[in-house]
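Visitor: For the sequence shown, my numbering gives the first residue as 25, with consecutive numbering after it. Please find one structure pasted underneath; my questions will follow.
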Amino acid sequence: MPRFSVVIPCYNAEDTLAETLESLLAQTEQDWEVLIIDDGSSDDTRLIAAAMAGIDMRFRLMKSNGTGPSAARNMALAEADGEIIAFLDADDTWHPEKLERLDAFFEEESADACFGRVTLSDGRTVGTPTGPFEGTLTLDALLSENPVCTMSNFAIRLESFLASGGFNTDITHNADLEWLVRLIGDGAKVVGIDAPLVTYRVSDRGLSSDLEGMKAGRAIALISAARYGFSSTARSEAAHLRFLAARALRIGASGRQVLRLGLIGCTTSPRGWFSNPRHGARVLTAALFSTLLPRLLRNALFSR
Numbered sequence: 025m026p027r028f029s030v031v032i033p034c035y036n037a038e039d040t041l042a043e044t045l046e047s048l049l050a051q052t053e054q055d056w057e058v059l060i061i062d063d064g065s066s067d068d069t070r071l072i073a074a075a076m077a078g079i080d081m082r083f084r085l086m087k088s089n090g091t092g093p094s095a096a097r098n099m100a101l102a103e104a105d106g107e108i109i110a111f112l113d114a115d116d117t118w119h120p121e122k123l124e125r126l127d128a129f130f131e132e133e134s135a136d137a138c139f140g141r142v143t144l145s146d147g148r149t150v151g152t153p154t155g156p157f158e159g160t161l162t163l164d165a166l167l168s169e170n171p172v173c174t175m176s177n178f179a180i181r182l183e184s185f186l187a188s189g190g191f192n193t194d195i196t197h198n199a200d201l202e203w204l205v206r207l208i209g210d211g212a213k214v215v216g217i218d219a220p221l222v223t224y225r226v227s228d229r230g231l232s233s234d235l236e237g238m239k240a241g242r243a244i245a246l247i248s249a250a251r252y253g254f255s256s257t258a259r260s261e262a263a264h265l266r267f268l269a270a271r272a273l274r275i276g277a278s279g280r281q282v283l284r285l286g287l288i289g290c291t292t293s294p295r296g297w298f299s300n301p302r303h304g305a306r307v308l309t310a311a312l313f314s315t316l317l318p319r320l321l322r323n324a325l326f327s328r
């Protein structure tokens, strides 16, 4: 049994998949298997994955039914052999020491799952890592700014993943957030690691760039959270709007959209918006000037 099962759902990822797989080969911890789950790609994604599987038997190429990344990730419930499930998206990369850090964490800690810090990239330049998260992840922190950020930044013990029942395949956007709500609500202990472990590619083409879809997905996650007695506060709503405004800046959304998110967030709860004073001031400044600055200049100044 390998220590890790790495689960990679992919769809038309020919431009990024090779780099993603190379980041696995560069890991300092090599006790792993990889499940590459193609979700009906029409480009050369399968050829790239098949070539890697032909070279290294730890790579297993599978086919999903074309219903999205949640169904693909759920295949790990039946197919994964590793003790720990580590998710990785086909356009992200891992820092070389990621699996080694996870191995040490799960050896020393009794937690069910963990996540680290994330470095953002537009494919050309790499920004500074996200801030550290201290302690155990709560529903409030998750639904405010979601410090996990991307499933490429999440690892969970196999038995805990099995107990969770997997992802809801009926949710198009933010299905990972709704799953995390159920995971934490059912008592799983999820802990942050103070180290940048993932490079997350920010794109204006992915699901995460659809801000309206993200908000709709979060609304579903809030319904699930309510079953555990959670009710969002004005402060957490303001923090979430700050998160959305920052995301809008990174993906080059319209200045009007960014400004609207900033103004609503600040008026909803100034304390919530400035719960992280430096970040709140930075995002608000960007929002206020977003309608005046050219898009490329705005992205260069505020996207990291």
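Every residue gets a Cβ at the ideal spot worked out from N, C-alpha and C, and that includes glycine. The structure displayed is predicted, hence computed values, not measured ones.
Taking all protein chains shown into account, decide if Leu316 is buried (16 or more other Cβ within 10 angstroms of its Cβ) or exposed.
Guide: To locate residue 316, count along the sequence shown from 1; it is residue 292. That one is exposed.
Visitor: Just how far apart, CA to CA, sit Leu273 and Ala110?
Guide: Here residue 273 corresponds to residue number 249 of the sequence shown, with the count starting at 1. Here residue 110 corresponds to residue number 86 of the sequence shown, with the count starting at 1. Each residue's alpha carbon lies about 29 Å from the other.
Visitor: Alpha carbon to alpha carbon, what distance is there between Ala187 and Gly140?
Guide: Within the sequence shown, the letter at position 116 stands for residue 140. Within the sequence shown, the letter at position 163 stands for residue 187. Near 23 Å, if we compare the C-alpha coordinates of Ala187 and Gly140.
Visitor: Using a Cβ-Cβ distance under 8 Å, would Gly90 count as near chain D?
Guide: Checking the listed chains, one finds no chain D in this structure; it contains a single protein chain.
Visitor: Under DSSP, the beta strand (DSSP E) around Lys213 begins and ends at which residues?
Guide: By one-based count along the sequence shown, residue 213 stands at place 189. Unbroken run through Lys213: none, as it is neither H nor E.
Visitor: What span of residues does the beta strand (DSSP E) with Gly237 cover, start to end?
Guide: Within the sequence shown, numbered from 1, the residue matching residue 237 stands at position 213. Where Gly237 is concerned, there is no enclosing beta strand (DSSP E), although the alpha helix (DSSP H) it sits in stretches over Leu235 to Ala250.
Visitor: Under the assumption that Met81 contacts Ser88 (Cβ atoms under 8 Å), give the Cβ distance between them as a whole number of angstroms.
Guide: Taking the first residue of the sequence shown as 1, we reach residue 81 at position 57. Taking the first residue of the sequence shown as 1, we reach residue 88 at position 64. Contact doesn't hold; Cβ gap of about 21 Å is too wide.
Visitor: Any idea which residues DSSP pairs Met99 with across the strands?
Guide: As a position in the sequence shown, residue 99 is number 75, starting the count at 1. BP columns for Met99 are empty, so no partner.
Visitor: Quick one: what does DSSP say Pro171 is sitting in, helix, strand or coil?
Guide: As a working mapping, residue 171 is identified with position 147 in the sequence shown. Looking at Pro171 - three-state DSSP - the assignment turns out to be coil, as it is neither helix nor strand.
Visitor: My guess is that Thr196 and Gly296 are in contact by the Cβ rule of under 8 Å, so how many angstroms apart are they, rounded?
Guide: Residue 196 sits at position 172 when you count from the first residue of the sequence shown. Residue 296 sits at position 272 when you count from the first residue of the sequence shown. Not a contact, Cβ separation roughly 28 Å.
Visitor: Please report the Cβ distance between Glu202 and Ser248, rounded to the nearest whole angstrom; I am assuming they are in contact, meaning their Cβ atoms lie under 8 Å.
Guide: On the sequence shown, position 178 is the one that residue 202 refers to. On the sequence shown, position 224 is the one that residue 248 refers to. Going by Cβ atoms, the distance from Glu202 to Ser248 rounds to 5 Å, so yes, they are a contact pair.
Visitor: Tell me whether Ile208 sits in a helix, a strand or coil according to DSSP, three-state version.
Guide: Position 184 of the sequence shown holds residue 208. DSSP places Ile208 in helix when its eight states are reduced to three.
Visitor: Quick check: Ser16 and Leu59, are their CB atoms within less than 8 Å of each other?
Guide: Outside the shown range of the chain, which is 25 to 328, sits residue 16, and nothing can be said about it.
Visitor: For Glu57, count neighbouring C-beta atoms within 10 Å of its own C-beta (all shown protein chains included) and say buried if the count is 16 or more, exposed if not.
Guide: Indexing the sequence shown from 1 puts residue 57 at position 33. Label assigned to Glu57: buried.
Visitor: Can you give the beta carbon distance from Val215 to Ala128, rounded, assuming they're within the 8 Å contact cut?
Guide: In the sequence shown, the residue the question calls residue 215 occupies position 191. In the sequence shown, the residue the question calls residue 128 occupies position 104. Contact flag wrong, Cβ pair sits at about 13 Å.
Visitor: Classify Glu169 as buried or exposed, calling it buried when 16 or more other Cβ atoms lie within 10 Å of its own Cβ.
Guide: On the sequence shown, residue 169 is found 145 positions in, with the first residue counted as 1. Looking at its Cβ environment, which holds 16 or more other Cβ atoms inside 10 Å, Glu169 is buried.
Visitor: Tell me whether Gly253 is buried or exposed, calling it buried when 16 or more other Cβ atoms sit within 10 Å of its Cβ.
Guide: Working through the sequence shown from its first residue, we reach residue 253 at position 229. Label assigned to Gly253: exposed.
Visitor: According to the neighbour-count rule (16 or more other Cβ atoms, all chains shown, within 10 Å of its Cβ), is Ser232 buried or exposed?
Guide: As a first step, residue 232 must be located in the sequence shown, where it is residue number 208. Unreliable placement is indicated for Ser232, whose pLDDT of 49 sits below 50; no coordinate value is reported for it.
Visitor: Between the alpha carbons of Gly78 and Gly190, how many angstroms are there, rounded?
Guide: Position 54 of the sequence shown, counted from the start, is the residue given in the question as residue 78. Position 166 of the sequence shown, counted from the start, is the residue given in the question as residue 190. Going from the Cα of Gly78 to the Cα of Gly190 covers about 29 Å.
Visitor: Could you compute how far the alpha carbon of Cys339 sits from the alpha carbon of Phe267?
Guide: Residue 339 falls outside the range modelled here, since the chain spans only 25 to 328, and no answer is possible.
Visitor: Do Val205 and Asn177 have their beta-carbon atoms positioned less than 8 Å apart in this structure?
Guide: As a working mapping, residue 177 is identified with position 153 in the sequence shown. As a working mapping, residue 205 is identified with position 181 in the sequence shown. No. Outside cutoff.
Visitor: Which word fits Gly159, buried or exposed, when buried means at least 16 other C-beta atoms lie within 10 angstroms of its C-beta?
Guide: In the sequence shown, residue 159 corresponds to position 135, counting from 1. Burial call: exposed.
Visitor: So what's Ala50 in DSSP terms, helix, strand or just coil?
Guide: Against the sequence shown, residue 50 aligns to sequence position 26. Residue state, collapsed to three classes: coil.
Visitor: Could you tell me the boundaries of the beta strand (DSSP E) in which Leu85 lies?
Guide: Taking the first residue of the sequence shown as position 1, residue 85 is located at position 61. Element bounds for Leu85: Phe83 to Lys87.
Visitor: Which of the three DSSP states is assigned to Arg295 in this structure?
Guide: For the purposes of this step, residue 295 is taken as the residue at position 271 of the sequence shown. Arg295 falls in the helix class under three-state DSSP.
Visitor: Label Leu126 either buried or exposed according to how many other C-beta atoms from any shown protein chain fall within 10 Å of its C-beta, with 16 as the threshold for buried.
Guide: Taking the sequence shown and counting its residues from 1, the one referred to as residue 126 is at position 102. Classification for Leu126: buried.
Visitor: Quick one: what does DSSP say Ser29 is sitting in, helix, strand or coil?
Guide: Residue 29 sits at position 5 when you count from the first residue of the sequence shown. Here Ser29 sits in strand by DSSP.
Visitor: Taking its Cβ as the centre, do 16 or more other Cβ atoms sit within 10 Å of Pro156, making it buried, or is it exposed?
Guide: Taking the first residue of the sequence shown as 1, we reach residue 156 at position 132. Exposed, by the Cβ-count rule.
Visitor: Do Lys122 and Val31 come within 8 Å of each other at the CB atom, strictly closer than that value?
Guide: Looking up residue 31 in the sequence shown gives position 7. Looking up residue 122 in the sequence shown gives position 98. For Val31 and Lys122, no; Cβs fall outside 8 Å.
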